[in-house]
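Trainee:
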Amino acid sequence: MEKLYEGKAKIVYPGPETGTFRVFYKDDATAFNGQKKAQIGGKGVVNNKVSSELFRYLESHGIPTHFIRELSEREMLVKQVEIVPLEVIVRNRTAGTFSKRYGVEEGIVLKYPLVEFSLKNDALGDPLIYDDAALGLELVNGAELARIKELALRINTLLKEFFAERNLELIDFKLEFGRALTPGPSPKGERGKILLADEISPDTMRLWEFGTGKKMDKDRFRRDLGGVEEAYQEVLRRVIGGTA
Ligand code: 5GP
Numbered sequence: 011m012e013k014l015y016e017g018k019a020k021i022v023y024p025g026p027e028t029g030t031f032r033v034f035y036k037d038d039a040t041a042f043n044g045q046k047k048a049q050i051g052g053k054g055v056v057n058n059k060v061s062s063e064l065f066r067y068l069e070s071h072g073i074p075t076h077f078i079r080e081l082s083e084r085e086m087l088v089k090q091v092e093i094v095p096l097e098v099i100v101r102n103r104t105a106g107t108f109s110k111r112y113g114v115e116e117g118i119v120l121k122y123p124l125v126e127f128s129l130k131n132d133a134l135g136d137p138l139i140y141d142d143a144a145l146g147l148e149l150v151n152g153a154e155l156a157r158i159k160e161l162a163l164r165i166n167t168l169l170k171e172f173f174a175e176r177n178l179e180l181i182d183f184k185l186e187f188g189r190a191l192t193p194g195p196s197p198k199g200e201r202g203k204i205l206l207a208d209e210i211s212p213d214t215m216r217l218w219e220f221g222t223g224k225k226m227d228k229d230r231f232r233r234d235l236g237g238v239e240e241a242y243q244e245v246l247r248r249v250i251g252g253t254a
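This is how it looks when you write it as structure tokens:
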């Protein structure tokens with residue numbers, strides 16, 4: 011089947027129905043803007059199942075997403091969207107590039123959850139972008155930007171609660187949003203509506219175990235901490251099982 015797009019962790023194919031895409035999750039892992047590459051055994055299956063479960067959970071709590079259904083262990087069916095070229099990051103504690111940028115240790119609880127935007131551009135290393143630049147460059151309009159921020163914060167509240175029930179603390183995560191493209195299987199009038207897109211998985215979140223502080227996400231790969239496959243499997247077990 012002809013690929014429409016191949017990214018670092020996923021391949022997008024035309025879907026079986028008008029207005030849909032089929033997304034295939036690979037085991038390939040990259041970090042530091044593609045400089046570090048490897049395979050994480052079973053990652054594609056974990057990320058597809060975790061993302062599917064989280065999309066279903068968020069939809070059931072009123073968050074509009076591109077998710078339609080799981081097609082197989084590694085594939086999901088999604089609505090076609092036009093991706094907004096921003097990475098939307100929500101942070102509850104300091105970590106990663108935030109700690110580096112501002113010279114602060116990791117793990118400080120932020121006074122309130124922060125929403126941060128990066129320009130989706132690998133060649134430039136996804137640089138931080140401020141609201142006026144995103145608006146001035148017409149990457150989004152004002153109403154879309156406000157809606158994206160509102161949804162990102164609501165998603166944070168919902169996911170924090172979901173993971174706390176599984177003894178995992180949601181430290182930060184990255185979201186991508188899209189504009190609904192075609193009527194297709196979407197309800198009438200959905201064109202242009204902002205939908206949560208891409209994936210939500212241990213590749214795109216930081217999860218620390220309550221009590222032990224153990225990192226249960228892609229930082230195990232980025233930082234050579236070992237036990238990468240096991241951590242991904244454990245996150246899947248807790249997500250599906252509903253407990254720690
Ligand atoms: P940081 O900016 O600290 O590197 O990342 C913040 C959060 O967003 C982390 O949970 C990280 O996994 C996620 N994130 C940021 N940028 C990317 C990206 O380009 N790809 C992926 N998979 N996750 C990202």
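To convert, take the position in the sequence shown, counting from 1, and add 10; that gives the working numbering.
Don't be surprised by glycine CBs; every beta carbon is placed ideally from N, CA and C.
Computed from a prediction, not measured in an experiment: that's the story for all the values here.
Expressed to the nearest angstrom, what Euclidean distance is found between the alpha-carbon atoms of S211 and V249?
Mentor: Each residue's alpha carbon lies about 10 Å from the other.
Trainee: According to DSSP, what are the bridge partners of S128?
Mentor: Looking at the DSSP assignment, S128 forms a beta bridge with E97 and L138.
Trainee: Tell me the DSSP secondary structure of V60 in three-state form.
Mentor: Helix.
Trainee: A133: beta carbon under 7 Å from a heavy atom of ligand 1?
Mentor: A133 Cβ: outside cutoff for every heavy atom of ligand 1.
Trainee: Quick check: T104 and E115, are their CB atoms within less than 8 Å of each other?
Mentor: A contact, by the Cβ cut-off of 8 Å.
Trainee: Can you tell me which of Q49, A48, P74 and E85 puts its alpha carbon nearest to the alpha carbon of V60?
Mentor: Taking only the C-alpha atoms, the option nearest V60 is E85.
Trainee: So, under 8 Å CB-CB, T30 and I78 are touching, yes? Tell me the CB distance rounded to an integer number of Å.
Mentor: The Cβ separation is near 7 Å, so the contact holds.
Trainee: Could you tell me which of I73, L64, A39 and V88 sits nearest to G25, measuring between CA atoms?
Mentor: Checked all of I73, L64, A39 and V88; the closest Cα to G25 is V88.
Trainee: For K159, which residues from the same chain have a beta carbon less than 7 Å from its beta carbon, with the 5 sequence-adjacent residues on both sides left out?
Mentor: Excluding residues within five positions, the ones whose Cβ falls inside 7 Å are V125.
Trainee: Relative to the C-alpha of I93, which candidate in L191, I165, L161 and G117 has its C-alpha closest?
Mentor: Of L191, I165, L161 and G117, the residue nearest in Cα terms is L191.
Trainee: Given the structure, does A39 come close to ligand 1, in the sense that its CB is under 7 Å from one of the ligand's heavy atoms?
Mentor: Flag unset: Cβ of A39 not near ligand 1.
Trainee: On a Cα-Cα basis, can you pick out the residue from G188, N166 and L163 that is closest to H76?
Mentor: The residue with the shortest Cα to Cα distance from H76 is G188.
Trainee: Looking only at its chain, what residues have a beta carbon closer than 8 Å to the beta carbon of F127, apart from the 5 residues adjacent to it on each side?
Mentor: Contacts found: L96, E97, V98, I99, L138, I139, Y140, D141 and A144.
Trainee: Could you have a look at N43 and say whether DSSP puts it in helix, strand or coil?
Mentor: Three-state DSSP puts N43 in coil, outside helix and strand.
Trainee: Does ligand 1 have a heavy atom nearer than 7 Å to the CB of K224?
Mentor: No, the Cβ of K224 stays beyond 7 Å of every heavy atom of ligand 1.
Trainee: Where the beta carbon is closer than 6 Å to any heavy atom of ligand 1, which residues qualify, in chain order?
Mentor: Output, sorted by chain position: E97, I99, A105, G106, T107, F108, D136, D182, F183, K184, D213, T214, M215, R216 and K228.
Trainee: What residue range is occupied by the uninterrupted beta strand (DSSP E) comprising I21?
Mentor: Start and end: K20 to P24.
Trainee: Would you check if there are 3 or more beta carbon pairs closer than 8 Å linking the stretch 236-251 to the stretch 167-182?
Mentor: Touching, per the Cβ criterion.
Trainee: Given L134, which residues of its chain have a CB within under 7 Å of its CB, disregarding the five upstream and five downstream residues?
Mentor: Nothing meets the Cβ criterion.
Trainee: Considering only C-alpha positions, which residue in the set V91, R32, A254 and D234 is nearest to S62?
Mentor: Cα-wise, what sits closest to S62 is R32.
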